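**Student:**
There are 2 protein chains.
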Amino acid sequence: MRAVIMHAPGDVRVEEIPDASVIEPTDAVIRPAAVCVCGSDLWPYRGIEALHGPTAMGHEYVGVVEQVGAEVRDIAVGDWVVGSFVASDNTCEICQAGYQSRCVHQVMMGSVGTQSELVRIPLADGTLVKTPGVPEADLIPSLLAASDVLGTGWFAAVAAEAGPGRTVAVVGDGAVGLLGILAARELGAERIIAMSRHADRQALAREFGATDIVEERGDAGVARVKELTGGLGAHSTIEAVGTDEAMQQAIGLTRPGGHVGFVGVSHDVQIDGLGLFFSSVHLHGGPAPVRRFLPDLIDRIWRREIDPGRVFDLTLPLEEAAEAYAAMDERRATKVLLTP
Amino acid sequence: MRAVIMHAPGDVRVEEIPDASVIEPTDAVIRPAAVCVCGSDLWPYRGIEALHGPTAMGHEYVGVVEQVGAEVRDIAVGDWVVGSFVASDNTCEICQAGYQSRCVHQVMMGSVGTQSELVRIPLADGTLVKTPGVPEADLIPSLLAASDVLGTGWFAAVAAEAGPGRTVAVVGDGAVGLLGILAARELGAERIIAMSRHADRQALAREFGATDIVEERGDAGVARVKELTGGLGAHSTIEAVGTDEAMQQAIGLTRPGGHVGFVGVSHDVQIDGLGLFFSSVHLHGGPAPVRRFLPDLIDRIWRREIDPGRVFDLTLPLEEAAEAYAAMDERRATKVLLTP
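Protein chains in written order, with UniProt numbering: chain A, 1 to 340; chain L, 1 to 340.
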């Protein structure tokens, strides 16, 4: 099968590798209808995260089940499915508490690779969620978004306790931040402040529900949000970047007793204990338990209540994966969908 | 009036200073029935926190109102009252959300000093809570504990979401940690793991509700708690020390999706962002909004349901404050009550 392999920073190739197949009896193999490139795929692409030899890339996927292992009970060949970027049994105590991204049997799909013509899905019964039927073509980008960026933005909004009467600030205007805005709106937030300097992303932020745009960053961004909130700060803040500056900004602009939901994979973030102590905020985040939210998200997409697929602003065939990575790296695209 | 003044690390004296009096029309002046020395008073005593000249000490107090300012409405001369270590208006948006320790008009009582014969209480209507009457003498230590250490341990247990079905771990066996154990028991926790190496404190921990004692610290302490919790970690963890080691231990021994409530004033704590990200815990703490809990705590003490005053293991007259500080510094006492 054809698959996207990263050989070195900036060196992405599409190559022939052996077909994915059932290895464990709890595995399924799916044929993805669409996959995509994630912001986090850019860390190794830019040489910020180390690569250990040629690496199969990707962790997002939607598609049709082609094979199932002997112990798979709830998923059958021919099912149309969506799964999270973390495979989970969905039965352990941690999964049952809603933290499937930290399942005691978790498998990171990034370690399997999904940017390919076939994908092995571990723990298929726990991981995969069936759609109500075969989706119309225009729903596929939104279902694909549910696999990670929508589910992650949604978790961030839930972790930040976005809801009625709340002012929500969103640090980061990538796909996750933009979908955090959409989630905050769906959860009933009264006011949503998007922190963004890019006109195209500001426009999409407004479409997704942002009521205010703040272009300032760092201390100036904190001051501006306080100014907009009677000097108190936001009730709820989504941190969707992962840098130290973004985290400090998120904590700084949240009022005492408020909530910060952070989902940007942390890079060189150091949180000063005394500063956090006197901030009096709640801090919660990590790899999003997307599986917790998938049934609800699929339902909202199926009913066409939300259109998260709009974060994809470029679609390319899998063979042009190199160009997909380059376009995101150079910020020519927010997020690229690949059709295998 | 007589008051405790710290002149330098290790140099605590009782001296004559001008009587406390009403300055702002929202002030009251109380005559404390009892005051005490806090673990946090030991930081300057040990030279770890800087002193800026001779400093009036203390921030805990219970007693009788002697004077009120012209704008005080709800508190009257002769009332028996308990207040928090932070004066607050109890009406601003932050107070109304339950974070009176971060009131927009907050006054830290430590900046006023309460270890004296009279104490000025700013924002008296918001700060002071009346007891149902004149307390019997044996209730006074418990009411005094409510002013800080009980309220702080209670907040830590609430921040850690201690409750039915939960396993709660408590890092720190000082007065706050011990009362965090009592709070967790009152909130219905199923199992309470006290982390302590001192036999006398272990005994009090068990009286307050601890079901397990762990003597190991650091990585060994984390491993032991995981062993006691099926490999998963505690649901809820109270951090009541404030050192980097204690914070790392608290985060490390909490399960994904669990809650850490931290109330030890942070000293040199640095939290690694990536470690926190992959811990998937909730982190919340800071100066405890004791005022939120005072009516309930006074009620439980008045009904003799709880006996938090047991953390005082030494009582001295105010004149012997120097010995009180020395006894706590040398760990000859957990907490010392002073009678003015």
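From the three backbone atoms N, C-alpha and C, an ideal C-beta is built for every residue, glycine too. This structure is a prediction, so every number in the text was calculated from the model and none was measured.
Apart from the five residues just before and just after Asp313(A), which ones in its own chain have a Cβ nearer than 6 Å to its Cβ?
**Tutor:** Closer than 6 Å at the Cβ level, and outside the excluded window around Asp313(A), lie Ala333, Thr334.
**Student:** Determine which residues of the segment 273-298 of chain A have a Cβ less than 9 Å from any Cβ of chain L, and write them out in chain order.
**Tutor:** Residues Gly273, Leu274, Gly275, Leu276, Phe277, Phe278, Ser279, Ser280, Val281, His282, Leu283, His284, Gly285, Gly286, Pro287, Pro289.
**Student:** Taking residue 362(A) as part of the beta strand (DSSP E), name the residues at either end of that continuous run.
**Tutor:** Past the edges of chain A, shown from 1 to 340, lies residue 362(A), and the structure says nothing about it.
**Student:** Mind reading off the beta-carbon distance from Arg166(A) to Ala189(A)? Whole number of angstroms is fine, and I expect it under 8 Å.
**Tutor:** About 5 Å; that satisfies the 8 Å criterion.
**Student:** Buried or exposed for Ile23(A), going by 16 or more other Cβ atoms inside 10 Å?
**Tutor:** With fewer than 16 Cβ atoms within 10 Å of its Cβ, Ile23(A) is classed as exposed.
**Student:** Excluding sequence positions up to five away, which residues of its chain have a Cβ less than 7 Å from the Cβ of Ala8(A)?
**Tutor:** Answer for Ala8(A): Leu51, listed in chain order.
**Student:** In three-state terms, what does DSSP make of Met195(L)?
**Tutor:** Three-state DSSP puts Met195(L) in a strand.
**Student:** Measuring straight from C-alpha to C-alpha, what distance separates Pro25(A) and Glu186(L)?
**Tutor:** Computed Cα separation, rounded: 47 Å.
**Student:** In angstroms with no decimal places, state the Cα-to-Cα distance between His259(L) and Ala76(L).
**Tutor:** For His259(L) and Ala76(L), the distance between alpha carbons rounds to 41 Å.
**Student:** Within the segment 85-119 of chain L, note down every full alpha helix (DSSP H) run reaching 4 residues or more, in order along the chain.
**Tutor:** Listed in chain order, the complete alpha helix (DSSP H) runs (minimum 4 residues) inside the segment 85-119 of chain L are 93-96.
**Student:** Examine the Cβ distances between the segment 260-275 of chain L and the segment 35-51 of chain L and report whether three or more of them are shorter than 8 Å.
**Tutor:** The segment 260-275 of chain L is in contact with the segment 35-51 of chain L.
**Student:** Opposite Asp11(A) in the DSSP bridges: which residues?
**Tutor:** Asp11(A) is bridged to Ala8(A).
**Student:** Pull up the distance between the alpha-carbon of Val168(A) and that of Val107(L), whole angstroms please.
**Tutor:** Computed Cα separation, rounded: 29 Å.
**Student:** What three-state label does DSSP hand Lys335(L) in the structure shown?
**Tutor:** Note: Lys335(L) maps to coil in three-state DSSP.
**Student:** Please list the terminal residues of the continuous beta strand (DSSP E) segment that includes Ile30(A).
**Tutor:** From DSSP, the beta strand (DSSP E) with Ile30(A) extends over 28-36.
**Student:** Got a sec: is the Cβ-Cβ distance from Gly39(L) to anything in chain A below 8 Å?
**Tutor:** Gly39(L) does not count as touching chain A.
**Student:** Arg13(A): which of Asp89(A), Ala240(A), Ser116(A) sits nearest, CA to CA?
**Tutor:** Answer by Cα proximity: Ser116(A).
**Student:** With the cut-off set at 8 Å, would you say Phe85(A) and Asp148(A) are in Cβ contact?
**Tutor:** Yes. Within cutoff.
**Student:** Return no unless some Cβ of chain A is closer than 8 Å to the Cβ of Pro164(L).
**Tutor:** Taking Cβ atoms only, chain A never reaches closer than 8 Å to Pro164(L), which makes this a no.
**Student:** Is there at least one Cβ from chain L nearer than 8 Å to Gln115(A)'s Cβ?
**Tutor:** With 8 Å as the cut-off, Gln115(A) does not count as an interface residue toward chain L.
**Student:** Using CA atoms only, rank isn't needed, just tell me which of Arg2(L), Asp89(L), Glu60(L), Tyr45(L) is closest to Ala20(L).
**Tutor:** The shortest C-alpha separation from Ala20(L) is found at Arg2(L).
**Student:** Could you work out which residue in Asp307(A), Trp302(A), Ala87(A) is closest to Gly133(A) when comparing CA atoms only?
**Tutor:** For Gly133(A), the nearest C-alpha among the options comes from Trp302(A).
**Student:** When the Cα of Lys226(L) is compared with those of Gln249(L), Val29(L), Thr243(L), Ala205(L), which residue comes out closest?
**Tutor:** That would be Gln249(L), whose Cα lies nearest to the Cα of Lys226(L).
**Student:** At the 8 Å Cβ level, is Leu337(A) part of the contact set with chain L, yes or no?
**Tutor:** No - not a single Cβ of chain L is within 8 Å of the one on Leu337(A).
**Student:** What would DSSP say about Pro308(L), mapped onto helix, strand or coil?
**Tutor:** Helix.
**Student:** At a Cβ threshold of 8 Å, is Met247(A) touching chain L?
**Tutor:** Yes, its Cβ sits closer than 8 Å to a Cβ of chain L.
**Student:** By how many angstroms is the C-alpha of Ala203(L) removed from the C-alpha of Ile251(A)?
**Tutor:** Cα to Cα, Ile251(A) sits roughly 39 Å from Ala203(L).
**Student:** Should Gln96(A) be labelled buried (16 or more other beta-carbon atoms within 10 Å of its own) or exposed?
**Tutor:** Classification of Gln96(A): exposed, given that the 10 Å Cβ count is below 16.
**Student:** Just to confirm my understanding: we take Pro256(L), look at its own chain, exclude 5 residues before and 5 after, and list those with CB closer than 6 Å. What are they?
**Tutor:** Taken in chain order, the residues that qualify are Ser280.
**Student:** Excluding the five sequence neighbours on either side, which residues of its own chain have a C-beta within less than 7 Å of the C-beta of Thr114(A), listed in chain order?
**Tutor:** Around Thr114(A): Pro32, Val35, Gly58, His59, Glu60, Tyr61.
**Student:** Just checking my contact of Asp89(A) with His105(A) at CB under 8 Å: how many whole Å lie between their CB atoms?
**Tutor:** Rounded, the Cβ-Cβ distance is 5 Å, consistent with contact.
**Student:** Any beta-carbon of chain L closer than 8 Å to the one on Arg255(A)?
**Tutor:** Closer than 8 Å to some Cβ of chain L, the Cβ of Arg255(A) qualifies, so yes.
**Student:** Mapping DSSP to helix, strand and coil, what is Arg201(L)?
**Tutor:** Helix, per DSSP.
**Student:** If you follow the beta strand (DSSP E) that Leu128(A) is in, where does it begin and where does it stop?
**Tutor:** Unbroken beta strand (DSSP E) run through Leu128(A): 128-130.
**Student:** Does the beta carbon of Leu232(L) come closer than 8 Å to any beta carbon on chain A?
**Tutor:** So yes, Leu232(L) belongs to the interface.
**Student:** Kindly examine the ligand ATP and report whether one of its heavy atoms sits closer than 7 Å to the Cβ of Val170(A).
**Tutor:** Because no ligand of any kind appears in the structure shown, any question about the ligand ATP cannot be addressed here.
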